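Asks:
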Amino acid sequence: QAYDVSLPPPDPSTSDVLESALNKLRNIPNQKMHTMSGHLGPVFVVRRCHTKDYCLSGSSDRCIKLWNITTGNCLKTYDKGHNHEVFDIAVCNDNKQFVSVGGDKHVIAWDVFTGNIIRKFMGHDQQVNCVCYNNFYNVVITGSYDSTVKIWDME
71 QAYDVSLPPP DPSTSDVLES ALNKLRNIPN QKMHTMSGHL GPVFVVRRCH TKDYCLSGSS
131 DRCIKLWNIT TGNCLKTYDK GHNHEVFDIA VCNDNKQFVS VGGDKHVIAW DVFTGNIIRK
191 FMGHDQQVNC VCYNNFYNVV ITGSYDSTVK IWDME
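Numbering (this note's numbering), first residue to last: 71 to 225.
(1) Can you name, in chain order, every residue of its own chain whose Cβ lies under 8 Å from the Cβ of Asp223, other than the five neighbours on each side?
(2) Assuming Leu126 contacts Ile134 under a Cβ cut-off of 8 Å, what Cβ separation, rounded to an integer in Å, is found between them?
(3) Thinking C-alpha only, which one of Gly128, Thr141 and Leu110 is nearest Gly151?
(4) So, Cys200 versus Phe157, is the Cβ gap smaller than 9 Å?
(5) Count the other C-beta atoms from every protein chain shown that fall within 10 angstroms of the C-beta of Glu155, then say buried if there are 16 or more, exposed otherwise.
(6) Would you tell me roughly how many angstroms separate the C-alpha atoms of His194 and Thr218, rounded to the nearest one?
(7) Using the Cα positions of Thr147 and Ile211, report the straight-line distance between them to the nearest angstrom.
(8) Look at the Cβ atom of His176, then the Cβ atom of Val161, and state whether they are nearer than 9 Å.
(9) I'd like the list of long-range same chain contacts for His109, defined as Cβ closer than 6 Å, with 5 residues on each side in sequence excluded.
(10) Quick check: the Cα distance between Asn165 and Val171, rounded to an integer number of angstroms?
(11) Please classify Cys202: is it buried, with 16 or more other beta-carbons within 10 angstroms of its beta-carbon, or exposed?
(12) Just the Cα atoms here: how many angstroms apart are Met106 and Gly213?
(13) Taking the CB atoms as reference points, tell me whether Asp216 and Gln196 lie closer together than 9 Å.
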């Protein structure tokens, strides 16, 4: 089961953003390229990194996996942070960090390369459903089942 998938953003050099997005949708292969297996439960989120060859997935198994899209191989598993399912992931523009949220009410910033937790934010009263990263202000914005949106300073 998959609940959320992110497509690459439109090509910024194209003046007609909508046409670019539609062209990308038309050019999605109509046959399976890879099956990336490794999670032990339903996958809730897949997010493409800001390089074309990698993506991150989050699952009910409490893990996040880094995948090589070209080969279909799992490169790293981040399994030391969440105590419940992972619902969403946001990747920083520099591809050095990502942020995950889940059923344990935690907002976790990770180092992509080492797998270490950089920061753990706590403050939501219920599961955290969604996250986005704003590179300009260096903040993370989260939305929760507790009916709140919170802004977290990454510095």
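We treat Cβ as the ideally placed atom computed from N, Cα and C, and that holds for glycine. All values reported here derive from a predicted model rather than from experimental measurement.
Replies: Checking against the coordinates, here is how it stands:
(1) The answer, listed in chain order, is Asn208 and Val209.
(2) Contact between Leu126 and Ile134 holds: CB atoms are separated by about 6 Å, below the 8 Å threshold.
(3) With distances taken between Cα atoms, Gly151 lies closest to Gly128.
(4) Closer than 9 Å, so yes.
(5) Buried: at least 16 other Cβ atoms inside 10 Å.
(6) Their backbone Cα atoms lie some 8 Å apart in a straight line.
(7) A direct Cα-Cα distance of roughly 24 Å separates Thr147 from Ile211.
(8) In this structure, Val161 does not lie closer than 9 Å to His176 by Cβ.
(9) Taken in chain order, the residues that qualify are Ser129 and Asp131.
(10) Cα-Cα distance, rounded: 17 Å.
(11) Result: exposed.
(12) Straight-line Cα distance between these residues: approximately 28 Å.
(13) For Asp216 and Gln196, yes; Cβs fall inside 9 Å.
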